[in-house]
Amino acid sequence: MGDFSSLGLSDWLVKQCKQLGINKPTPVQENCMPAILQGRDCMGCAKTGSGKTAAFVLPVLQKLSEDPYGIFCLVLTPTRSLAYQIAEQFRVLGKPLGLKDCIIVGGMDMVTQALELSNQPHVVVATPGRLADHIRSSNTFSMKRIQFLILDEADRLLEQGCTDFTKDLEVILEILPAKRQTLLFSATLTDTLQELKSIAMNKPFFWESKSETRTVEELDQRYILTPEKVKDAYLVHLIQTFTDEHDDWSIIIFTNTCKSCQILTMMLREFNFPTISLHSMMKQKQRFANLAKFKASVYKILIATDVAARGLDIPTVQVVINHNTPGLPKIYIHRVGRTARAGRNGVSITLVTQYDIHLIHSIEEQIQTKLKEYPVVEKEVLKILTQVNVTRRECEIKLESTDFDEKREINKRKQLILEGKVSAASYKTRLESMKGL
Ligand SMILES: Nc1ncnc2c1ncn2[C@@H]1O[C@H](COP(=O)(O)OP(=O)(O)OP(=O)(O)O)[C@@H](O)[C@H]1O
1 MGDFSSLGLS DWLVKQCKQL GINKPTPVQE NCMPAILQGR DCMGCAKTGS GKTAAFVLPV
61 LQKLSEDPYG IFCLVLTPTR SLAYQIAEQF RVLGKPLGLK DCIIVGGMDM VTQALELSNQ
121 PHVVVATPGR LADHIRSSNT FSMKRIQFLI LDEADRLLEQ GCTDFTKDLE VILEILPAKR
181 QTLLFSATLT DTLQELKSIA MNKPFFWESK SETRTVEELD QRYILTPEKV KDAYLVHLIQ
241 TFTDEHDDWS IIIFTNTCKS CQILTMMLRE FNFPTISLHS MMKQKQRFAN LAKFKASVYK
301 ILIATDVAAR GLDIPTVQVV INHNTPGLPK IYIHRVGRTA RAGRNGVSIT LVTQYDIHLI
361 HSIEEQIQTK LKEYPVVEKE VLKILTQVNV TRRECEIKLE STDFDEKREI NKRKQLILEG
421 KVSAASYKTR LESMKGL
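Counted from 1, the sequence shown has number 111 at position 111 by the UniProt record's numbering; the numbering is strictly sequential.
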């Protein structure tokens with residue numbers, strides 16, 4: 001493996017990398033960076049935690065240093081926290097350039113963002129929805145001269161999931177110059193390859209890490225077969241065991257809904273575990289604050305929905321627990337990829353009920369790895385079963401006495417209005433009936 005200089009990177013950037021402990025390029029960097037520096041479009045597919053971010057940040061910074069002007073580069077990414085993480089990499093590596101960046105995500109003040117955009121930043125990192133809102137509502141900035149468009153987690157941006165970015169992407173692509181370099185990265189590009197190729201128009205250089213498995217070798221992948229009713233007792237038991245055995249550890253627990261995230265957080269706190277949550281029903285500022293506290297190890301346990309499944313890079317995470325078995329192998333790959341990053345070891349434990357066994361089979365088929373059973377002394381779990389289930393029920397009752405469900409309903413309807421599926425008038429009627437007016 002060569003070093004960064006031999007890939008064509010300038011001395012000042014090699015020095016910046018060294019300062020951050022980035023000495024040797026990872027395979028995705030070694031393969032994609034020369035093509036990007038030559039001016040080619042690029043699609044890079046490499047496992048989670050393999051350094052895809054620096055693979056695009058470094059060449060962009062190099063090109064920017066040769067001919068600096070704003071707005072030079074636009075990065076699109078599916079989640080708000082990822083936008084901050086990517087901007088941070090640009091900021092740290094591009095410090096000697098006096099790089100100006102701007103983060104455009106939902107949940108933050110539009111006016112401040114519009115001002116920042118009109119201030120000609122070199123790099124804009126955005127989630128598609130909010131950037132499209134700015135394009136629709138203002139003409140104070142132009143992206144006509146951008147050199148780079150980067151789609152991070154590109155397959156997620158193009159898939160039509162519960163948050164559908166495709167309409168916003170159309171609005172954004174409309175204002176970008178046809179002559180630009182387009183770079184697409186993800187750990188799971190292959191499923192949407194054809195759609196992606198149509199965005200990277202100019203015969204993209206395609207690189208995929210050659211490996212039989214789709215998860216990293218340093219990850220120990222386990223499962224626990226459990227009846228639904230015993231799941232939480234297993235969870236509490238697992239966390240207690242990790243707490244007893246390790247000083248320097250963090251755990252991310254993934255669950256399928258915001259409500260479940262909230263209840264599990266309340267429940268683990270009742271057991272005095274330092275727990276914090278991250279889901280889309282929380283205000284943006286709260287989400288950032290919680291993530292920062294988790295990163296700083298003030299809280300050792302983060303309970304999250306799939307809003308945190310992709311891209312988050314938190315080196316201290318040693319364990320990922322799937323409280324529900326993910327319905328799609330792709331989601332599993334991203335979730336467990338929050339641990340065992342950049343060559344470190346990690347463990348993932350998926351709680352599997354009898355109804356989820358077929359999901360595990362399709363996950364195993366996709367990742368080309370068999371999950372191993374995680375050994376647990378069942379007697380110990382059964383000892384705490386009643387206490388855990390009673391605590392959970394108490395938490396459910398507590399949550400029901402708050403306006404959590406009402407807020408959830410309001411959020412759902414707002415989303416439908418934004419997507420044009422429901423009229424504002426029918427929303428108002430429903431809201432009034434909910435309030436008993
Ligand atoms: N050449 C390198 N040597 C050592 N560490 C590196 C190198 N390049 C990147 N890293 C570090 O590896 C970690 C993971 O990188 P990054 O977040 O870019 O992964 P990724 O491939 O984008 O993962 P994901 O698919 O989960 O988003 C980061 O902390 C980053 O600083």
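Beta carbons are placed, not taken as given, at the ideal position from N, Cα and C, and that holds for glycine.
Report task. On a CA-only basis, which of Val307, Lys259 and Phe90 is nearest Leu13? Give me that one, please. Result -> Among Val307, Lys259 and Phe90, the Cα nearest to that of Leu13 is on Phe90.
Report task. Just grab the DSSP bridge partners of Gln181 for me. Result -> Phe148
Query raised in the report: Between the C-alpha atoms of Leu268 and Val236, what's the straight-line distance to the nearest angstrom?
Result: 7 Å
**Report entry** Between the CA atoms of Gln284 and Thr53 - distance to the nearest angstrom
**Finding:** Taking the straight line from one Cα to the other gives about 23 Å.
Report task. Determine the direct distance from the alpha carbon of Arg344 to that of Ala46, and round the result to whole angstroms. Result -> 16 Å
Report task. In the DSSP assignment, find the alpha helix (DSSP H) that holds Met43 and state where it starts and stops. Result -> Here Met43 belongs to no alpha helix (DSSP H); instead the beta strand (DSSP E) covers Cys42 to Cys45.
Requested in this report: May I ask you to report which of helix, strand or coil DSSP gives Glu373?
Outcome: Glu373 falls in the strand class under three-state DSSP.
Query raised in the report: Is His334 near ligand 1, with its Cβ less than 8 Å from a heavy atom?
Result: yes
Requested in this report: Leaving out five residues on either side along the sequence, give the residues of the same chain with a beta carbon under 6 Å from the beta carbon of Asp220.
Outcome: Hits under 6 Å: Val347.
Query raised in the report: Pro25: buried (16+ other C-beta within 10 angstroms of its C-beta) or exposed?
Result: buried
Query raised in the report: If you run the structure through DSSP and keep just helix, strand and coil, what is Val105?
Result: It is coil, neither helix nor strand.
Query - Residue from Glu378, Ile175, Arg145 and Ala132 with nearest C-alpha to residue 439 - result: Here the chain has residues from 1 to 437 only, and residue 439 is not among them.
**Report entry** Cross-strand partners of Ile276 (DSSP beta bridge)
**Finding:** In DSSP, Ile276 forms a bridge with Leu302.
Requested in this report: Check whether the Cβ of Cys17 lies closer than 8 Å to any heavy atom of ligand 1, and answer yes or no.
Outcome: yes
Query raised in the report: Sorted by chain position, which residues of the same chain lie with C-beta nearer than 8 Å to Val381's C-beta, five sequence neighbours on each side aside?
Result: Val230, Ala233, Tyr234 and His237
Report task. Enumerate, from N- to C-terminal direction, the unbroken alpha helix (DSSP H) stretches of 4 or more residues contained entirely within the segment 76-125. Result -> 80-93 and 110-118
Query raised in the report: Do three or more CB pairs link the segment 168-176 to the segment 201-215 at distances below 8 Å?
Result: no
Report task. State the DSSP-derived secondary structure class of Gly343, mapped to helix, strand or coil. Result -> coil
Query - Backbone CA spacing between Pro274 and Tyr299 [nearest angstrom] - result: 5 Å
Query raised in the report: Is the Cβ-Cβ distance between Leu312 and Leu157 less than 9 Å?
Result: no
**Report entry** N- and C-terminal bounds of the beta strand (DSSP E) containing residue 492
**Finding:** Look at the range of the chain in this structure, 1 to 437, and you will see that residue 492 is not part of it.
Query raised in the report: In whole angstroms, what separates the C-alpha of Trp249 from that of Arg338?
Result: 13 Å
Requested in this report: Could you tell me if the beta carbon of Thr26 falls within a distance shorter than 8 Å of some heavy atom in ligand 1?
Outcome: yes
Query - Arg310 CB to nearest heavy atom of ligand 1 below 8 Å - result: Result yes, Cβ under 8 Å from ligand 1.
Query - Best match in Phe4, Ile36 and Ala114 for proximity to Ile22 [C-alpha to C-alpha] - result: Phe4
Query raised in the report: So does the segment 244-259 actually touch the segment 302-320, counting three or more Cβ pairs closer than 8 Å?
Result: yes
Report task. Name the two residues that bound the continuous alpha helix (DSSP H) containing Phe288. Result -> From DSSP, the alpha helix (DSSP H) with Phe288 extends over Gln284 to Lys295.
Query raised in the report: Is Gly337 near ligand 3, with its Cβ less than 8 Å from a heavy atom?
Result: Summarising the ligand content, the structure contains ligand 1 and does not contain ligand 3.
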